[in-house]
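This report concerns only the one structure given below.
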Amino acid sequence: MADVIFCIVTTIFRIFLITVMKRLVAKDINSEIFQLFGNYKLGGEKSKVKNMKDVKNMAGVIDTVEFDIKPEEEIKSETGTKPKAAIDAPDSGSYDAVIIGGGPAGTTCGVYLARKMINTLLISPDLGGQVLRTSEVENYPGFKTISGWELANEFKENLMQYRIHLRIGDRIVAMELSENGGIVQTEMGSEYSFKSLVVATGTRSRLLGVPGEKKFYGRGVTYCETCDGPLFKGERVAVIGGGNSALTAANDLLSLGCTVQLINFLPGLQADAVLVEKSKSHGNITFHTNHQIDEIVGNMSVNGIIIHDRDSGKTAKLDVSGVFIEIGLIPNTTFAEGILELNDQKEIMIDCFCRTNIPGIFAAGDVTNVPNKQIIIAAGEGAKAALGVNDYLLKKKL
Ligand SMILES: Cc1cc2nc3c(=O)[nH]c(=O)nc-3n(C[C@H](O)[C@H](O)[C@H](O)COP(=O)(O)OP(=O)(O)OC[C@H]3O[C@@H](n4cnc5c(N)ncnc54)[C@H](O)[C@@H]3O)c2cc1C
Numbered sequence: 003m004a005d006v007i008f009c010i011v012t013t014i015f016r017i018f019l020i021t022v023m024k025r026l027v028a029k030d031i032n033s034e035i036f037q038l039f040g041n042y043k044l045g046g047e048k049s050k051v052k053n054m055k056d057v058k059n060m061a062g063v064i065d066t067v068e069f070d071i072k073p074e075e076e077i078k079s080e081t082g083t084k085p086k087a088a089i090d091a092p093d094s095g096s097y098d099a100v101i102i103g104g105g106p107a108g109t110t111c112g113v114y115l116a117r118k119m120i121n122t123l124l125i126s127p128d129l130g131g132q133v134l135r136t137s138e139v140e141n142y143p144g145f146k147t148i149s150g151w152e153l154a155n156e157f158k159e160n161l162m163q164y165r166i167h168l169r170i171g172d173r174i175v176a177m178e179l180s181e182n183g184g185i186v187q188t189e190m191g192s193e194y195s196f197k198s199l200v201v202a203t204g205t206r207s208r209l210l211g212v213p214g215e216k217k218f219y220g221r222g223v224t225y226c227e228t229c230d231g232p233l234f235k236g237e238r239v240a241v242i243g244g245g246n247s248a249l250t251a252a253n254d255l256l257s258l259g260c261t262v263q264l265i266n267f268l269p270g271l272q273a274d275a276v277l278v279e280k281s282k283s284h285g286n287i288t289f290h291t292n293h294q295i296d297e298i299v300g301n302m303s304v305n306g307i308i309i310h311d312r313d314s315g316k317t318a319k320l321d322v323s324g325v326f327i328e329i330g331l332i333p334n335t336t337f338a339e340g341i342l343e344l345n346d347q348k349e350i351m352i353d354c355f356c357r358t359n360i361p362g363i364f365a366a367g368d369v370t371n372v373p374n375k376q377i378i379i380a381a382g383e384g385a386k387a388a389l390g391v392n393d394y395l396l397k398k399k400l
C-alpha cells in the first residue's frame, strides 16, 4: 500500500516539475521574468511589483513590447491565400506614404492607407503611444471598459493584418524636403524617401528641470500616475502641478490611501472646480500653492522634496517616497521645426483635412493644433489624414 502511495505522489511531483520546466523555457514567461526583474527600476532595490498586470501598465517597460512581425515569405507560406500582412521594413527605401508615430492616430492612418493599397511605411518606437500608459479606457466606442495595454494591442493587431512596412523601435530625428516629397532620417541611421508624409508623433511629458529629477526617474519620480500610482498605495507622495491632470492624479492617489502634498507653482489651482472640491473633501491632502520645487532628494530612491514659498522665500523639506510630475505635455515636433508651421505651443498647424503648410505633408492627433486630446479624436484624425494622402497622391498622379 505504502509503495502505491509513494508511486502516486512521485508521479504527481514529476508531472508538476515537467510543467514548471516547460513554462520556464517558454519564451513569453522568460521575457516576463526579464521585464519584471531586469527592466523595471521604480522604487530602487525594493521591487514593489505585484503582478504582470502592474508591469504591463508601467511607463518604464513600454519599450520592451515584443512585435511578432514576420518576414514576408513566412506569412505567405503560413497563410497561403492571405499574403497581405505587415512586414519588417528594410533599412532604407522609397514609399508613397510614410507615417511617423504608432499611437491611435498613426495606427489608424496605417490601416486606412494599407486598405487603399498604398505603399506605406510606419516608423515608431512603439505601437500604442500614450494608450500604453493608460490604465483603463472607458470612452473608446466598442469597449465598455478596456485596459490601455489591451486597446493598444487591438490597434496593433488590426494594423498588422494589412500589407504595410513597419519600422518599430526607431524614431525620426530629421526630415528634408525635395521636389514632390522628401526624406526622413531615423535615430538608427536609416533613410526613407516619401511622396507623402503623415506626422502623428503625439506628445511627451513636460519636465520639471530641477536637481534630482533625472537621477530619481523610475526610482520614485514618475510622469504617469495611472501607470505607477498603485505602487505607492498608502504612502506619502507629492503631486506637482495645479491643472486637471495634477488634480486627477491627486484624487486617484487619495483613493489609494496615500497622503498627498500638492505643490503648484502658481497661486491657486487651475483645475476644474469639481476636481478641486473632490480633493478637498479628503482629509489627506495639503496644498502648497505659489511654491517652487528646488530639489528632489533621496538615497537609492526618493525620500523627499525641497520647496520654497515664492512670496516669503521660506523653504521646507517634505518627506515623500513618490513624486508625480503632472505639469503638461509637449508635442513631439523637434524634427519638424523650421519646416512645418507650428503654433506657440509647438503644435503642428493643420486645416480640417489634416493638411500642413507643405503640400503632401499631413499631421494627425495630439501633435496638432486640434483641441481636445483624446484617443477617439486622434484615431479619427488619423483616418482623415490617410484619406487626405490618398486624395493628394491621386490628384498629383504620384
Ligand atoms: C495617462 C493617460 C491617460 C489617458 N487616458 C485617456 C482616456 O481614458 N481616454 C482618452 O480618450 N484619452 C486618454 N488619454 C489621451 C490619449 O492617450 C491621447 O489623446 C492619444 O493617445 C493621442 O494619440 P496620438 O496617436 O495622437 O499620439 P500618441 O498616443 O502620443 O502617439 C504618438 C506616437 O508617436 C511616436 N513618436 C514620438 N516621437 C516620434 C518620432 N520622433 N519618430 C517616430 N515616432 C515617434 C510615439 O512613440 C507614439 O507611438 C490619456 C493619456 C495619458 C497620458
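Under this note's numbering, the first residue of the sequence shown is numbered 3, with each subsequent residue one higher. All C-beta atoms in this analysis are idealised placements derived from N, C-alpha and C, irrespective of residue type, glycine included.
Is residue i close to ligand 1? I mean its beta-carbon at under 7 Å from any heavy atom of the ligand.
i	result
Gly171	no
Phe337	yes
Ser257	no
Pro373	no
Gln376	yes
Ser149	no
Asp368	yes
Gly155	Looking at the sequence shown, residue 155 is not Gly but Asn. False, no ligand heavy atom lies under 7 Å from that Cβ.
Arg208	no
Cys356	no
Asn334	yes
Gln2	The structure shown has nothing for residue 2, since the chain only spans 3 to 400.
Val139	yes
Pro106	yes
Ile174	yes
Ser126	yes
Thr136	yes
Ile242	no
Closer than 8 Å by C-beta to residue i: which residues in its own chain qualify, once you throw out the five before and the five after it? Chain order, please.
i	result
Pro127	Asp65, Gly104, Ile170, Gly171, Asp172, Arg173
Ile185	Met177, Glu178, Glu193, Tyr194, Ser195, Phe196
Pro269	Thr291, Asn292
Gly95	Leu123, His167, Tyr194, Ser195
Asn359	Leu342, Glu343, Met351
Report the partner residues of residue i according to the DSSP bridge assignment.
i	result
Lys319	Ile308
Val201	Ile102, Ala365
Gly300	Val304
Val138	It should be noted that the sequence gives Glu, not Val, for residue 138. Answer is Ser149.
Ser126	Ile170
Asp90	Leu168
Ile350	Leu344, Thr370
Pro333	Thr205
Ser96	Ser195
Is DSSP giving residue i helix, strand or coil here?
i	result
Met162	helix
Gln187	strand
Asp172	coil
Phe196	strand
Phe326	strand
Glu215	coil
Asp30	Unreliable positioning characterises Asp30 in this predicted model, as indicated by a pLDDT of 32, which lies under 50. The coordinate reading is nonetheless provided below. Looking at Asp30 - three-state DSSP - the assignment turns out to be helix.
Asp393	helix
Leu179	strand
Leu400	coil
Arg117	helix
Ile360	coil
Gly384	helix
Gly220	coil
Gly108	helix
Gly131	helix
Glu339	coil
Phe157	helix
Between residue i and the rest of its own chain, which residues show a CB-CB distance below 6 Å, the 5 nearest in sequence each way excluded?
i	result
Thr109	Phe157, Leu161
Lys397	none
Ile148	Val139
Ile120	Asp98, Ala99
Ile327	Leu210, Tyr225, Ile242
Met190	Asp172
Gly330	Arg208
Pro213	Glu297
Using a Cβ-Cβ cut-off of 7 Å (strictly less than) and excluding sequence neighbours within five positions of residue i, which residues of its own chain qualify?
i	result
Leu237	Looking at the sequence itself, residue 237 is Glu, so the reference to Leu does not match. Around Glu237: Cys260, Ser323, Gly324.
Ile265	Ala240, Ile242, His290, His293, Ile295, Ile309
Phe218	Ile298, Gly300, Ser303, Val304
Asn246	Ala273, Asp274, Leu277
Cys356	Phe364, Ala365, Ala366, Glu383, Lys386, Ala387, Gly390
Asn334	Thr203, Gly204, Thr205, Arg206, Val369
Ala116	Thr122, Tyr164, Arg165, Ile166
Run through the stretch 222-305 for me and flag every whole beta strand (DSSP E) of 3 or more residues, listed as ranges in chain order. With a minimum length of 3 residues, the unbroken runs of beta strand (DSSP E) contained wholly in the stretch 222-305 fall at 238-242, 261-266, 287-291, 293-300.
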